[in-house]
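To convert a position in the sequence shown, counted from 1, into the numbering used here, add 28.
Every residue gets a Cβ at the ideal spot worked out from N, C-alpha and C, and that includes glycine.
Every value quoted in this text rests on a predicted model; they were computed, and no experiment measured them.
Quick notes on the structure that follows.
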Amino acid sequence: MKKKQELLSQLPSVNELLQQSTIEKETNGLPRRLVIEAIREVLDQIRGEILATDILPESAALEQRVLARIKDKNKPNLSRVINGTGVVLHTNLGRAVLSKAAVDAVTRVAQGYSNLEYDLMEGERGSRYSHIEEIICGITGAPAAMVVNNNAAAVLLVLSTVAKDKEAIVSRGELVEIGGSFRVPEVMSQSGTILKEVGATNKTYIKDYESAINENTGVLLKVHTSNYRVVGFTHEPSRDELVTLGKKYQLPVIEDLGSGSIISLEKIGLNGEPTVAQCLKEGIDVVTFSGDKLLGGPQAGIIVGNKDLLERIKRHPLARAIRVDKMTVAALEATLRAYMDLEGAWGEIPTLKMLKESADDIKLRAESLRMLLVQGKQLEINIVKGKSKPGGGSLPTTELDTWLVVIECHSMSAAEMADRLRQCDPPVIIRIQDDKVMIDPRTLQAGEEKIIAKAMDEVLVG
Ligand SMILES: *Cc1c(COP(=O)(O)O)cnc(C)c1O
């Protein structure tokens with residue numbers, strides 16, 4: 029105990045460390061509070077180590093630890109990561125990667141003032157929605173459009189406007205939970221709508237909707253089941269049947285499309301996602317969808333459809349609380365503009381590019397990544413066939429053919445390698461499958477192969 033006490037008393041104080049020349053020099057210009065916190069944390073750690081092991085680190089080592097800690101604390105908390113998982117719309121990793129045009133638009137608008145709510149022609153107050161409404165209408169064929177913070181908010185706003193204190197009829201097969209925090213029944217109760225569920229989990233017929241209609245019915249709601257599919261012995265009414273029923277009873281038909289593709293994905297072999305234009309053409313009154321799923325833009329909820337309903341939706345007080353900011357408007361406008369030339373969008377929108385890339389092209393990228401990773405005593409690297417996922421709740425049963433780079437290390441488990449790659453700067457997020465580290469080049473952006481190679485060097489050094 030005496031020895032421990034003695035070692036503890038030899039530890040420098042916070043002030044002494046602050047005044048040490050290397051630390052002083054390296055931390056010049058950094059917030060003092062951050063430096064002091066880092067020093068305190070390291071000293072605390074070392075005190076614990078002394079009590080456990082009777083070892084006092086050399087002063088140079090101590091200094092290095094303090095500097096490393098300061099560097100770590102000074103890194104932004106929200107940072108870029110490298111997505112080696114092959115999940116294109118990875119909700120935990122920020123969903124859609126923005127196009128260059130969208131990023132440029134955000135930068136332009138954020139760096140100075142903008143005409144966000146200013147009509148340059150008239151020199152008076154304008155609407156933030158005016159910048160995008162016409163473009164959305166142009167590419168979807170919608171009579172009117174509006175944008176809010178995200179699709180969950182869009183559904184909430186639409187239901188609050190159209191069916192407050194009224195019943196919304198929904199199929200039992202569509203009462204889904206999306207990503208843990210969006211549950212159709214809960215959103216409905218928040219909006220003040222009364223959920224009227226009809227049919228069974230696997231089978232719902234149009235007659236189920238019809239027999240549920242009464243004088244308090246406000247809306248017929250169709251929800252995209254996004255992240256799961258009911259397969260086998262199933263039935264759901266067609267849009268046409270729902271629209272006909274809505275007309276018969278003068279009830280609006282609303283569809284929460286979730287992902288909301290602007291462009292048909294059939295060309296790249298992905299079937300089963302209706303486009304927004306298709307839903308409107310089939311007579312749905314109001315469609316809602318996300319900005320950062322298949323559309324490939326910023327987080328947003330887009331509402332399109334009937335002009336009168338949209339007028340009411342825009343005027344609802346809730347709309348103000350969930351309105352989009354200028355950076356969203358900027359990114360969304362630039363993203364939507366890419367769709368004005370539908371075929372051009374495949375080359376401009378990163379999400380579409382990633383979904384479209386052929387397995388053959390990905391194999392070439394897998395090979396160049398393998399070349400960059402140094403094989404040797406420690407690493408064994410192979411390329412195998414595999415599958416990527418669209419993600420983001422779109423196309424849940426669809427997988428895309430890909431090639432995976434499989435990395436095995438003789439001195440480290442897959443889990444440990446994954447941990448260490450995650451601690452790199454920028455962090456590299458990979459997939460573990462069959463107890464092996466796998467990287468899917470589909471979701472790597474330009475130049476990221478080199479960063480992975482550098483990260484792997486660091487991982488192997490320790
Ligand atoms: C993703 C999704 C939502 C939620 O959209 P956010 O933009 O994440 O708020 C709601 N409904 C469906 C059907 C979805 O797929």
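Close-in-space but distant-in-sequence residues of the same chain around residue i (CB under 8 Å, 5 per side omitted)
| i | result |
| --- | --- |
| residue 62 | 98, 101, 102 |
| residue 269 | 234 |
| residue 58 | 98, 102 |
| residue 215 | 180, 183, 184, 187 |
| residue 153 | 145, 146, 147 |
| residue 400 | 477, 478, 480, 481 |
| residue 229 | 200, 201, 258 |
Inter-residue Cα distance where the pair is residue i and residue j
| i | j | result |
| --- | --- | --- |
| residue 331 | residue 357 | 14 Å |
| residue 167 | residue 366 | 10 Å |
| residue 452 | residue 486 | 8 Å |
| residue 409 | residue 398 | 7 Å |
| residue 137 | residue 163 | 19 Å |
| residue 232 | residue 289 | 25 Å |
| residue 323 | residue 287 | 7 Å |
| residue 417 | residue 424 | 8 Å |
| residue 134 | residue 206 | 28 Å |
| residue 64 | residue 219 | 48 Å |
| residue 146 | residue 376 | 29 Å |
| residue 412 | residue 434 | 7 Å |
| residue 127 | residue 294 | 22 Å |
| residue 360 | residue 193 | 33 Å |
| residue 34 | residue 438 | 43 Å |
Expected contact under 8 Å - CB spacing of residue i and residue j to nearest Å
| i | j | result |
| --- | --- | --- |
| residue 264 | residue 199 | 6 Å |
| residue 457 | residue 370 | With 8 Å as the limit, residue 457 and residue 370 do not qualify as a contact, their Cβ atoms being about 32 Å apart. |
| residue 78 | residue 45 | So it is not a contact: roughly 16 Å between Cβ atoms. |
| residue 125 | residue 379 | 7 Å |
| residue 169 | residue 381 | That belief does not hold up - the Cβ atoms of residue 169 and residue 381 are roughly 25 Å apart, past 8 Å. |
| residue 266 | residue 204 | 19 Å between Cβ atoms; not a contact. |
Proximity below 9 Å, CB of residue i to CB of residue j
| i | j | result |
| --- | --- | --- |
| residue 480 | residue 472 | yes |
| residue 396 | residue 477 | yes |
| residue 319 | residue 306 | no |
| residue 432 | residue 394 | yes |
| residue 466 | residue 402 | no |
| residue 82 | residue 32 | yes |
| residue 258 | residue 201 | yes |
| residue 454 | residue 160 | no |
| residue 442 | residue 468 | no |
| residue 420 | residue 130 | no |
| residue 236 | residue 251 | no |
| residue 422 | residue 117 | yes |
| residue 492 | residue 285 | As displayed, the chain neither begins before 29 nor continues past 490, which places residue 492 out of reach and without an answer. |
| residue 84 | residue 38 | yes |
| residue 177 | residue 350 | yes |
Own chain partners of residue i with C-beta closer than 6 Å, once the 5 adjacent residues on each side are dropped
| i | result |
| --- | --- |
| residue 335 | 171, 172 |
| residue 303 | 289, 292 |
Residue i versus the options, residue with shortest Cα-Cα distance
| i | options | result |
| --- | --- | --- |
| residue 209 | 119, 271, 153, 47 | 119 |
| residue 353 | 444, 94, 156 | 156 |
| residue 88 | 129, 81, 40 | 40 |
| residue 429 | 237, 150, 114 | 114 |
| residue 242 | 56, 204, 195 | 195 |
| residue 488 | 474, 470, 436, 475 | 436 |
Within-9 Å CB hit, residue i to chain C
| i | result |
| --- | --- |
| residue 410 | The chain labelled as chain C is not found in the depicted structure, where only one protein chain is given. |
Own chain residues within Cβ distance below 7 Å of residue i, not counting five before or after
| i | result |
| --- | --- |
| residue 337 | 190, 280, 313, 314 |
| residue 66 | 94, 97, 98, 101 |
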